[in-house]
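Going down the list, the sequences are from chains A and B.
Counted the way this note's numbering counts, the first sequence spans residues 90 to 340.
Counted the way this note's numbering counts, the second sequence spans residues 571 to 923.
Shown next, in structure tokens, is the structure this report addresses.
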Amino acid sequence: MALLEVDSLRRCFGGLVAVKDVSFAVEKGVIKAVIGPNGAGKTTLFNLISRALAPTAGRVRFDGCDLQGKKPHQVASMGMARTFQNIEMFSGMTALENVMVGCHVRSRAGFLASMFALPWTRPEERKIRERSLALLDLLGLADLADKEAAGLAFGQQRAVEFARALAMEPTLLLLDEPAAGLNIYETAEVGRLITRIRDLGVTILLVEHDMSLVMEISDEIVVLSFGQVIAQGPPQAIQQDPDVVRIYLGE
Amino acid sequence: MRRLLFLIPLVLAIAAVHLLCAWTGTLYYLTQMTMSAYYSLLVIGLCVVMGYAGQISLGHAGFFAIGGYLAAAFTTRNLAGLQDALPVRMLDAAGLLVSGRDVYGGAQLVVTPWAACVAAVLAAALIALLIGIPVLKLKGHYLAMATLGFGIIIYKIALAVPYFGGADGISEVPPFNLLPGLAITGGSANRIANYYIAWTLVLLGVTLLWNLIHSRVGRALRAIHGSERAADSIGVDTARYKLYTFMLSAVFAALAGVFLTHYNGGIGPSEAGVMKSVRYVAIVAVGGMAHIWGALVMGTLLNFLSLRGVFGTYDDAVFGAILILIMLFAPEGILQTGIMDRLRRLVSRREED
Ligand SMILES: Nc1ncnc2c1ncn2[C@@H]1O[C@H](COP(=O)(O)OP(=O)(O)OP(=O)(O)O)[C@@H](O)[C@H]1O
Ligand SMILES: [Mg+2]
């Protein structure tokens with residue numbers, strides 16, 4: 090069974106159908122890319138999958154469970170992590186604290202336990218800190234741990250957002266344009282990182298405009314245009330698909 | 571307990587104020603310092619809601635009044651006439667009632683302060699829950715308006731319901747025996763003891779909130795403040811966390827109301843007034859929003875000055891003005907933003923002209 094199954098998903102904004110009966114599946118352990126021109130509905134699709142938006146019609150199954158009626162935080166605790174197209178740092182918090190928030194679903198100290206500083210909360214807190222530092226280290230951000238996250242350079246913020254998502258120990262990671270705004274070296278770096286995360290057993294679904302990156306790292310590609318799937322398959326097939334070529338190169 | 575070391579400066583300051591007053595022969599200041607302590611209890615709770623969770627409440631005087639009024643009513647309203655009613659008999663059997671004589675020598679049967687306190691706080695928590703579920707879905711101005719509405723309703727209830735004494739409020743509230751020999755009560759004979767009782771309660775409150783802020787929950791609250799969307803996507807149950815924080819601050823406010831009412835021996839409708847709520851928000855803002863210490867220092871200082879009558883008839887206007895100034899120049903709180911930078915920039919711009 091596929092890790093993620095999207096079935097006839099539709100979302101309307103007033104008269105606009107932003108996502109139109111989209112269906113596809115993501116198998117465990119692959120890197121799958123969603124591509125398409127601006128406004129094709131890619132981000133909306135991600136919002137529907139992570140339940141940040143409710144679909145007008147259609148279903149999403151994740152890890153064998155129907156997400157109908159679930160809240161975003163519930164989906165997150167099931168093991169789905171995401172990053173945002175316009176990076177969403179927790180402003181007013183350091184890079185380290187940002188990543189530590191990522192450990193939220195993998196820890197349990199609640200209001201009363203925290204207020205009374207129950208003995209077991211301290212080892213938990215130490216573990217959260219160590220794991221977060223290790224993740225920052227993995228992404229080469231160890232030096233920036235105590236810097237305010239929202240003040241970091243663009244690429245660094247992207248990396249912190251990555252580390253934060255990984256702190257959730259997700260089974261599925263949704264990346265919305267992870268290479269946007271990065272130079273070619275940083276882009277190549279992100280590509281290597283994504284493959285490495287996949288090798289650690291995390292399934293990845295990404296939206297990306299950088300075609301060379303997409304073609305290099307993804308196992309499968311879904312092409313969206315005006316909210317509809319117009320092609321689906323491995324990178325070589327997509328590159329030769331006449332519809333896709335027409336959309337990307339103009340008529 | 572290394573993590574409690576942060577309390578040392580506060581403990582020293584509390585003792586220093588006492589010694590200073592004793593030395594200068596102004597021990598009567600401790601009365602206002604005691605009252606300020608209880609107001610500060612409310613303020614630090616509100617500080618967590620505003621500074622950490624990033625929400626606003628213009629109705630916290632309402633929760634203070636719920637605590638104070640219920641404690642006052644339960645411990646003064648005579649149940650002697652209802653002695654045979656089943657609920658009263660049950661309360662009596664549970665040891666939650668005390669009998670005595672009223673001022674005219676008639677038989678009096680009232681709820682014990684402890685039971686009244688627990689009931690008042692539970693009521694405040696429950697009301698915060700019921701109000702919070704719909705209201706915390708709102709943001710910004712809308713949340714401010716909705717909580718303001720709640721505050722107005724409580725004020726009107728305090729004023730209109732005869733059980734709560736109308737414009738006169740409730741007086742003759744008995745002392746609250748926290749522990750044997752330790753009673754919250756006014757009067758110059760108990761002044762010093764009560765000063766220390768009040769500040770011990772504040773120390774406890776600060777410790778609990780300090781622990782909360784520096785925990786997984788505190789981080790999640792700040793994350794909600796930073797980006798609610800991202801906090802959601804990371805698995806923080808934002809609605810629940812906001813609600814619990816709101817309830818927690820309501821409990822702090824209600825406790826403040828209970829304690830101060832016993833200390834003053836009564837409560838009146840002005841405690842439920844909207845201007846009180848505005849005052850609390852202004853204090854949290856001027857204290858630096860996300861600073862428990864700032865809220866505590868400002869809460870004590872400004873309330874003390876206000877209680878000493880320093881602001882005279884401009885009392886409410888002072889707090890209104892503080893709020894306006896903060897919103898104009900440092901909406902994130904004075905200690906948060908680089909207000910010094912801003913002032914410097916303002917000055918240097920002048921010089922360029
Ligand atoms: N909240 C919203 N309300 C109304 N319309 C929306 C909303 N969100 C997206 N849209 C519209 O839906 C369409 C798809 O938008 P979406 O952001 O999903 O595109 P995208 O494929 O991610 O584009 P890009 O490559 O520019 O990120 C667009 O026409 C957009 O204007
Ligand atoms: Mg997009």
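Backbone N, C-alpha and C define an ideal beta-carbon position, used for all residues, glycine too.
Please go through the same chain and pick out, in chain order, the residues whose beta-carbon is closer than 8 Å to the beta-carbon of residue i, but skip the five residues on each side of it.
i: Met90 (chain A); result: Gly153
i: Gln246 (chain A); result: Ile176, Met178, Ala238, Ala239
i: Glu340 (chain A); result: Only weak support exists for where Glu340 (chain A) lies, its pLDDT of 48 falling under 50; the value from the coordinates is given anyway. Contacts found: none.
i: Ala231 (chain A); result: Leu222, Leu225
i: Leu282 (chain A); result: Leu228, Phe251
i: Leu577 (chain B); result: Leu773, Val776, Thr777
Compute the distance between the beta-carbons of residue i and residue j, then report whether it is under 8 Å.
i: Gly637 (chain B); j: Val691 (chain B); result: yes
i: Leu718 (chain B); j: Gly629 (chain B); result: yes
i: Lys109 (chain A); j: Gly322 (chain A); result: no
i: Met169 (chain A); j: Ser221 (chain A); result: no
i: Thr815 (chain B); j: Val619 (chain B); result: yes
i: Gly805 (chain B); j: Val194 (chain A); result: yes
i: Ala214 (chain A); j: Arg786 (chain B); result: At residue 214 (chain A) the sequence reads Glu, which differs from the Ala that was named. Yes, Cβ-Cβ distance for Glu214 (chain A) and Arg786 (chain B) is below 8 Å.
i: Ala141 (chain A); j: Pro161 (chain A); result: yes
i: Tyr765 (chain B); j: Thr604 (chain B); result: yes
i: Glu297 (chain A); j: Glu266 (chain A); result: yes
i: Thr645 (chain B); j: Val776 (chain B); result: no
i: Leu696 (chain B); j: Val681 (chain B); result: no
i: Tyr622 (chain B); j: Leu771 (chain B); result: no
i: Val854 (chain B); j: Leu616 (chain B); result: yes
i: Gly879 (chain B); j: Val848 (chain B); result: no
i: Gln163 (chain A); j: Thr132 (chain A); result: no
i: Ile703 (chain B); j: Phe720 (chain B); result: no
What does residue i pair with, by DSSP beta-bridge criteria?
i: Phe746 (chain B); result: B:Ile754
i: Ile740 (chain B); result: B:Ile837
i: Cys154 (chain A); result: A:Phe151
i: Leu667 (chain B); result: B:Val681
i: Val123 (chain A); result: A:Val296, A:Val311
i: Met341 (chain A); result: A query on residue 341 (chain A) cannot be resolved here, the shown segment of chain A reaching from 90 to 340 and no further.
i: Phe102 (chain A); result: A:Leu105
i: Val249 (chain A); result: Answer is none; Val249 (chain A) lacks a bridge partner.
i: Val115 (chain A); result: A:Leu93
i: Thr183 (chain A); result: A:Glu237
i: Ala320 (chain A); result: A:Val312
i: Ala690 (chain B); result: Its beta-bridge partners do not exist; DSSP assigns none.
Under the criterion of a Cβ to heavy atom distance below 7 Å, does residue i qualify as lining ligand 2?
i: Val296 (chain A); result: yes
i: Asp265 (chain A); result: yes
i: Gln174 (chain A); result: yes
i: Lys117 (chain A); result: no
i: Lys121 (chain A); result: no
i: Lys131 (chain A); result: yes
Output needed for residue i: all residues of its chain with C-beta closer than 7 Å, excluding positions within five of it in sequence on either side, in chain order.
i: Ile724 (chain B); result: Gly632, Ala635, Ile636, Ala842
i: Leu302 (chain A); result: Ala268, Thr276, Gly280
i: Ser203 (chain A); result: Thr210
i: Val705 (chain B); result: Leu713, Ala716, Thr717
i: Pro331 (chain A); result: none
Does any heavy atom of ligand 1 sit closer than 7 Å to the C-beta of residue i?
i: Leu105 (chain A); result: yes
i: Gly128 (chain A); result: yes
i: Phe102 (chain A); result: yes
i: Gly147 (chain A); result: no
i: Gly125 (chain A); result: yes
Identify, in the order they occur along the chain, each residue of the same chain with its Cβ nearer than 6 Å to the Cβ of residue i, setting aside the five sequence neighbours on each side.
i: Ala252 (chain A); result: Val188, Leu224, Leu225, Leu228
i: Val106 (chain A); result: Gly316
i: Leu818 (chain B); result: none
i: Asn648 (chain B); result: Gln678
i: Gly270 (chain A); result: Phe243
i: Ile120 (chain A); result: Arg287, Ile293, Ile306, Ser307, Asp308
i: Glu94 (chain A); result: Ala114, Arg150
Positions along the stretch 693-723 of chain B whose CB lies within less than 9 Å of some CB in chain A: Result list empty, no residue passes.
Return the residues of the stretch 767-791 of chain B that lie within a Cβ-Cβ distance of less than 8 Å from chain A, sorted by chain order. Correct list: Leu778, Leu779, Asn781, Leu782, Ser785, Arg786, Val787, Gly788, Arg789, Ala790.
What residues from the stretch 305-317 of chain A come within 7 Å of chain B, judged by C-beta to C-beta, listed N to C? In summary, no residue of the stretch 305-317 of chain A has a CB separated from any CB of chain B by less than 7 Å.
Output, in sequence order along the chain, the residues in the stretch 196-210 of chain A whose CB is closer than 9 Å to any CB in chain B. Within the stretch 196-210 of chain A, those residues whose Cβ lies closer than 9 Å to any Cβ of chain B are, in chain order, Ser196, Arg197, Ala198, Gly199, Phe200, Ala202, Ser203, Met204, Phe205, Ala206, Thr210.
Members of the stretch 138-161 of chain A that neighbour chain B once the beta carbon cut-off is set at 8 Å: Going along the stretch 138-161 of chain A in chain order, one finds Ser139, Ala141, Lys160, Pro161 with a Cβ nearer than 8 Å to chain B.
Mind checking the stretch 834-858 of chain B against chain A and listing, in chain order, the residues whose C-beta falls within less than 9 Å of any C-beta there? Hits within the stretch: zero.
Of all the residues that make up the stretch 655-676 of chain B, which are near chain A by a beta-carbon distance shorter than 7 Å? So nothing in the stretch comes that close.
Give the residues from the stretch 791-806 of chain B that approach chain A closer than 8 Å (Cβ to any Cβ), ordered along the chain. Of all residues in the stretch 791-806 of chain B, Arg792, Ala793, His795, Gly796, Ser797, Arg799, Ala800, Ala801, Asp802, Ser803, Ile804, Gly805, Val806 have a Cβ within less than 8 Å of some Cβ in chain A.
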